[in-house]
Amino acid sequence: MVNYQTWLKEIDDNTRLSKLSIPGTHNSAACHTALPSVQCQGKSVTDQLKHGVRFLDIRAGRQLIKNDDPKQELQVIHGKFPVRIPFPIQLEDVLKEVYDFLDDNKSETVIVSLKQEGSNDWDNPNDEFPNLIWEKYVEPNKDKWYLNTDIPKVGDARGKAVLFRRFGVNNEDRKREFGFDAASWKYNTTDDDRGSFVVQDFCEVQKADDIPTKINYVKDLANKAKDYTKDNDNKLFVNFTSASNFFDHDCWPQQIANALLKSDVADKFEKGVGIIVLDYVESDDWKLSKKLVDSNF
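Here the sequence shown is numbered in our numbering, starting from 1 and rising by one per residue.
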């Protein structure tokens, strides 16, 4: 029986992460009381990791209340909203959950996707956001991160957080030591191949009748990944199951997660389907996450 807390222990060191089926979570830290259209998970980041999740989607922005904060503490954001009301979650606290988990489970690795969200008042030409991420969050903890730009082998990433960088960096020297570059892909894409990674992130579900279309896109990329990774390990497939329409309750994250569970999508979760990014991953006793982990064996 698989131990989901340490499932990577059973994977050969020479296996690239791109060859695996990896459960991930969308807006991973959006697990607290908030607007129902903002909340995406029902369990903490730590609980997610203990149940096999190995890809975290974390969005960070300025303090919404303390814009003049000289310490520039970043909080976790979903779109324009804090993921916890009334007391925001700090990025530092979420990263500490990752570090603590890896300290306790040296055989594991966690892919950490970091994205800038919230306010748009950053000085991007001068790398204000990436410089802050580097100086405040990454460099003081460099021993805890895998910061090479390639897709790592499991053995090289054990005990470390793999940076999946969803923000641009203009400084070429810094870029070479700032993790896997996933700075951009087409909005609302059904299949965007960026060379080193492929993404399905179709998110504009306008009405409940559109949800089966979204689920079919998830299946399509899972099949493409499975076929590709049989003989190759040079592309990371990232497949988002999330979508929403803020103005339609039937298209909020919980409802789409429920529809996914009721579908036959889990039948497509075989070995090598890549990263499947889930909402409410704990649903039905972590059914989809367990199915993904199990498929690796």
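No residue lacks a Cβ here, since even glycine has one placed at the ideal position from N, Cα and C. Because the structure is a prediction, the values reported are computed rather than measured.
Rounded straight-line distance, which links the Cα of residue j to that of residue i
i, j, result
"K268", "P82", "34 angstroms"
"S184", "L8", "28 angstroms"
"G118", "M1", "42 angstroms"
"G159", "D103", "7 angstroms"
"C40", "N234", "30 angstroms"
"S107", "K207", "43 angstroms"
"N296", "K19", "9 angstroms"
"R194", "R166", "13 angstroms"
"H249", "R84", "20 angstroms"
"D285", "K291", "11 angstroms"
"F43", "C251", "The sequence given here has Lys at residue 43, not Phe. The straight-line gap from Cα to Cα measures roughly 21 angstroms."
"L56", "Q116", "14 angstroms"
"P212", "H51", "27 angstroms"
Short Cβ contact (8 angstroms threshold) for residue i with residue j
i, j, result
"V277", "T229", "no"
"S289", "P125", "no"
"V110", "V162", "yes"
"V281", "F237", "no"
"K214", "V205", "yes"
"I89", "H32", "yes"
"R59", "H78", "yes"
"S21", "V265", "no"
"V112", "F164", "yes"
"A222", "N245", "no"
"T46", "F101", "yes"
"E172", "K226", "no"
Distance between beta carbons of residue j and residue i, contact taken as under 8 angstroms
i, j, result
"A243", "S283", "Their Cβ separation, rounded to whole angstroms, is 16 angstroms, which puts A243 and S283 out of contact at 8 angstroms."
"D127", "N188", "Not quite, the Cβ-Cβ distance comes to about 27 angstroms (not below 8 angstroms), so this is no contact."
"W134", "R174", "7 angstroms"
"S28", "Q48", "6 angstroms"
"V154", "I11", "5 angstroms"
"L114", "Q72", "Between Q72 and L114 the Cβ distance is about 15 angstroms, and since that is not below 8 angstroms, they are no contact."
"L261", "K287", "7 angstroms"
First through last residue of the alpha helix (DSSP H) which encompasses residue i
i, result
"F129", "E128 to L132"
"K271", "Taken as a continuous stretch (DSSP letters only), K271 belongs to no alpha helix (DSSP H), as it is neither H nor E."
"A151", "Sequence check: residue 151 is Ile here, not Ala. Neither: I151 is in no alpha helix (DSSP H) and is coded neither H nor E."
"N223", "I211 to T229"
"H258", "Strictly speaking, residue 258 in this sequence is Asn, with His absent from that position. Taken as a continuous stretch (DSSP letters only), the alpha helix (DSSP H) holding N258 covers P253 to K262."
"V169", "Taken as a continuous stretch (DSSP letters only), V169 belongs to no alpha helix (DSSP H), as it is neither H nor E."
"F101", "L91 to D104"
Span of the beta strand (DSSP E), counted from its first residue to its last, around residue i
i, result
"Q48", "Not the beta strand (DSSP E): Q48 falls in the alpha helix (DSSP H), residues V45 to K50."
"V162", "A161 to R166"
"K80", "Careful: K80 lies outside any beta strand (DSSP E) and carries neither H nor E."
"V110", "V110 to Q116"
"V293", "V293 -> not in any beta strand (DSSP E); alpha helix (DSSP H) instead, spanning S283 to S295."
"N239", "L236 to F240"
"D57", "F55 to R62"
"P23", "S21 to T25"
"V199", "F197 to Q200"
Cβ-heavy atom distance, residue i to the ligand HEM, below 7 angstroms
i, result
"V110", "Summarising the ligand content, the structure contains no ligands, and the ligand HEM is consequently not present."
The region 173-184 / the region 137-156 touching (three or more Cβ pairs under 8 angstroms): yes
Three-pair Cβ contact test at 8 angstroms for the region 198-213 versus the region 11-18: no
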